[in-house]
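Reviewing the structure listed below.
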Amino acid sequence: MGVLVNATTQCRCNFGANPLPLAAADAKTLADKKPALTIMDIPKGVFGICNSPMNPAAVAAKAAGATAPCTPAFLPPMWVPGSPTVLIGNKPALNNSCSMTCTLGGPNCITILPPGGAVTVNVK
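Its first residue numbered 1138, the sequence shown is counted upward by one per residue in the numbering used here.
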């Protein structure tokens, strides 16, 4: 059982260099005085530099001695498994045990960071 997360929560990609904050599409329901998130709320922006061996742009950039941005490409359902018994706007609530699949990084490559969590990723 996970803990409900809010709009100040960050997530990370296993192949990206930087975490990203999540934003709530609907700010009516609050968690810890901030907008609560659902499984449909996704990160906005890029996770820095991509190091995924499944991302053709990252592989080509690496071969050329350059880098490619880690721009996620999500597959529905967005976050899984969600909270089936806690609904926000008829959508399962997002909790800290959820993960997301990116077509360029693979299954469950995007995860929720602990509150205040920082992550160090070594990009080669």
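Idealized CB from N, CA, C, for every residue including glycine.
Spatial distance of residue i from residue j (CA atoms)
{"i": "residue 1197", "j": "residue 1141", "result": "39 Å"}
{"i": "residue 1144", "j": "residue 1162", "result": "9 Å"}
{"i": "residue 1204", "j": "residue 1170", "result": "39 Å"}
{"i": "residue 1218", "j": "residue 1211", "result": "15 Å"}
{"i": "residue 1148", "j": "residue 1208", "result": "13 Å"}
{"i": "residue 1244", "j": "residue 1174", "result": "21 Å"}
{"i": "residue 1172", "j": "residue 1160", "result": "8 Å"}
{"i": "residue 1248", "j": "residue 1229", "result": "17 Å"}
{"i": "residue 1232", "j": "residue 1156", "result": "17 Å"}
{"i": "residue 1150", "j": "residue 1190", "result": "13 Å"}
{"i": "residue 1255", "j": "residue 1164", "result": "Since pLDDT at residue 1255 reaches only 39, below the 50 mark, its modelled position is unreliable, and the value read off the structure follows with that caveat. Looking at the two C-alpha atoms, the distance is approximately 25 Å."}
{"i": "residue 1168", "j": "residue 1158", "result": "16 Å"}
{"i": "residue 1246", "j": "residue 1237", "result": "6 Å"}
Contact under 8 Å by Cβ, residue i with residue j
{"i": "residue 1186", "j": "residue 1206", "result": "yes"}
{"i": "residue 1239", "j": "residue 1216", "result": "no"}
{"i": "residue 1339", "j": "residue 1188", "result": "No information on residue 1339 is available, as it lies outside the stretch 1138 to 1261 that the chain covers here."}
For residue j and residue i, believed in contact at Cβ under 8 Å, the rounded distance
{"i": "residue 1146", "j": "residue 1225", "result": "In fact, because the Cβ distance is near 14 Å, the residues do not count as touching under 8 Å."}
{"i": "residue 1241", "j": "residue 1192", "result": "4 Å"}
{"i": "residue 1220", "j": "residue 1153", "result": "About 25 Å separates the two Cβ atoms, so there is no contact after all."}
Buried/exposed call for residue i, threshold 16 Cβ in 10 Å
{"i": "residue 1202", "result": "exposed"}
{"i": "residue 1213", "result": "exposed"}
{"i": "residue 1180", "result": "buried"}
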